[in-house]
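Here's the structure we're looking at; comments come further down.
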Amino acid sequence: MRMPGTSGEPRLTAEHNGEVSYWWRARGGFPARRPSLPGPLTADVCIIGGGFTGLWTAYYLKQARPELQVVVLEAAFAGFGASGRNGGWLTSALPGSRDRYARGPGGRDAVLDMQRQLRATVDEVARVCAAEGIDADLVKGGELAVATSPAQLTRIHEELLADREWGLGEPEVQLLGAGELAARVRVAGGLGALYSPDCARIQPAQLVTGLAAAVERLGVTIYEATPVTRIRPGAGAGARACTVFGDVTAQFVLRATEGFTARLPGQRRTLLPMNSSMIVTEPLSAAAWQQIGWDGRETIGDSAHVYMYAQRTEDGRIAIGGRGIPYRFGSTLDHRGVTQPEAIDTLGHILRRLFPAAAEARIDHAWCGVLGVPRDWCATVTLDRATGLGAAGGYTGHGVAASCLAGHTLADLVAGEPTERTALPWVGHQARSWEPEPLRWTGVHSLYALYRAADHTEDRGSERTSPLARIGDRISGIPH
Ligand SMILES: Cc1cc2nc3c(=O)[nH]c(=O)nc-3n(C[C@H](O)[C@H](O)[C@H](O)COP(=O)(O)OP(=O)(O)OC[C@H]3O[C@@H](n4cnc5c(N)ncnc54)[C@H](O)[C@@H]3O)c2cc1C
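Reading the sequence shown from the start, the letters are residues 170 to 649 in the working numbering.
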């Protein structure tokens, strides 16, 4: 018997669920596993986590200081985490609240500089891909924030105005009317969109695989299947990353574990592992693509409070993601990306509603992953020379480009040279801890219940943002 789904119709299911992500299956499976740490070791720098943050840090560190011995310890394999599972939006979106960052010593100018550097990072990733021969299916088609209700339309107008007042809206950022949007992509019910050029589509597993290989060519050793069980501070080359195979002792131990951070002793309330789920269709027919358009390969998101994000893949599928079940009690994690049936059903119905031409397409694969959310929703790059410990992360779902800039910044901090990056407002930024359970679980689930109710109200035609969403924003401190 098929269970009823969110719409009362039979629940939509996927052929594959989990297997880390479709992106890995598309590559023909996981890469050959690298060896684990062979035993106790001394290095100059030990990086924990083989995702984008850890790998970009290693990359820029070896570029700046080739003589340093740098090792990466990875619990599973490079790209096992969000870096190999994400929506493939290489976006210049600010990972946090500009007002909050502006309270730092650099003020507004530092925030404007951060936004400028994030824009440049989209091109920097493309540059490194070209230089290192990484085929990440990268197409810089820009980003469309689509409005599918009058309230969403009001919101994108307000966002553009607020950006311009802040001095952030580039002249290339444009408001598109319904006709202009349809000329690019036919999104059912699309009333208009905000177009920003500073975003590229990527294939995440391709990028992370190529980056790991580039880092190895520079002389970094990546040890896989090597979970770090504890991090110990220690001045003067005495910091330690402890594993069952022995400890790595180093001058600097850098944590790059984003959504997985809560599993480390003492870090349970540092970053909330927020869940995000994705589905991908089978390749669509040429006739379906003719109806949809989307020749520019823009990344597409809506402007709902529980928003969706989508890309047209290199092999002619639609990959679409959204919040799903937002958070698991006690910061527990998914098993190899297996997502809940409700998330597949919800995303499947969003896909059918927005792209009716894809309504008959089979859902080929579904998966999920975790991203790191700090209590104030603002990312951090930090290094304490007294303890030898550093960290970067907390990009709140905007980590694909931000992790490159953060890794570069962390490398600068280790190298000890002030650069334009080390003056950015996320350097040394501290957020308070998350509430203990059950408050944490109750808070996040109540927040998303409010946002879902707000979206539901707005879909009935109101031109204003629902007060329910404003209550949610105030409770959570989510920046807009
Ligand atoms: C489904 C989904 C969709 C997303 N879509 C987008 C998007 O389209 N655009 C965007 O900008 N951002 C997106 N994000 C967020 C983005 O992917 C992340 O912010 C970014 O990849 C974080 O990279 P990272 O290296 O910091 O963390 P991760 O990629 O999660 O890497 C952390 C690594 O650390 C390892 N690790 C954890 N604990 C230990 C330990 N104790 N010892 C050793 N290793 C450990 C893990 O195995 C993992 O490989 C999305 C995230 C998800 C989950």
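For every residue, glycine included, the Cβ atom is placed at its ideal position computed from N, Cα and C. If you're wondering where the values come from, they're calculated on a predicted model, not measured in any experiment.
Positions of the alpha helix (DSSP H) runs, each at least 4 residues long and wholly inside the region 339 to 384, are given as 347 to 353 in order along the chain.
Secondary structure at A212: strand, using DSSP grouped into helix, strand and coil. Ligand 1 approaches T260 closely enough that one of its heavy atoms is under 7 angstroms from the residue's Cβ.
Separation of the CB atoms of V550 and T578 is rounded to 5 angstroms, and the pair is thereby assigned contact status at 8 angstroms. For I217, the CB falls within less than 7 angstroms of some heavy atom of ligand 1. Between ligand 1 and V539, a heavy atom-to-CB distance of less than 7 angstroms is present. In the pairwise beta carbon analysis, the region 539 to 549 is classified as touching the region 262 to 273: at least three pairs are separated by under 8 angstroms. Here R601 has R544 and D545 as same chain residues with Cβ atoms under 8 angstroms from its own Cβ, once five neighbours each way along the sequence are excluded.
Ligand 1 has a heavy atom closer than 7 angstroms to the beta-carbon of R432. Nearest to A575 by C-alpha distance, out of A195, G379 and T226, is T226.
Here R399 is exposed. Its C-beta has fewer than 16 other C-beta atoms within 10 Å.
Rounded to whole angstroms, W610 and C537 show a C-alpha spacing of 18 angstroms. The three-state secondary structure of C547, taken from DSSP, is coil. Inter-residue distance for G358 and R437 is about 42 angstroms (C-alpha atoms, whole angstroms).
CA-to-CA, the gap between A455 and T556 works out to about 58 angstroms. Short note on H567: C-beta closer than 7 angstroms to some heavy atom of ligand 1.
Rounded to the nearest whole angstrom, the C-alpha separation of Y270 and W258 is 23 angstroms. Counting only the Cα atoms, L440 lies some 13 angstroms from P434. A contact between stretches requires three or more CB pairs, one per stretch, nearer than 8 angstroms, and the region 290 to 307 fails this requirement with the region 590 to 606. Between the C-alpha atoms of A618 and G612 there is a straight-line separation of about 10 angstroms. Nearest to G346 by alpha-carbon distance, out of R370, Q375, A316 and A369, is A316.
For L440, no alpha helix (DSSP H) segment is defined, and its DSSP state is neither H nor E. In the DSSP assignment, H625 is bridged to no other residue. For L552, the shortest C-beta to heavy atom distance toward ligand 1 is 7 angstroms or greater. Look at V315 here: in three-state DSSP terms it is strand. I644: member of the alpha helix (DSSP H) spanning P636 to S645, first to last residue.
At a Cβ-Cβ threshold of 8 angstroms, A279 and A479 do not count as neighbours. With respect to A457, A351 sits apart: the two C-beta atoms are not nearer than 8 angstroms. DSSP lists no beta-bridge partner residue for T565.
Sequence-distant Cβ neighbours of D503 in its own chain, meaning closer than 6 angstroms and more than five residues away, are C537. With distances taken between CA atoms, E327 lies nearest to R633 out of L206, R633 and S645. In the assembly as shown, I216 is a buried residue. Its beta-carbon has 16 or more other beta-carbons within 10 Å.
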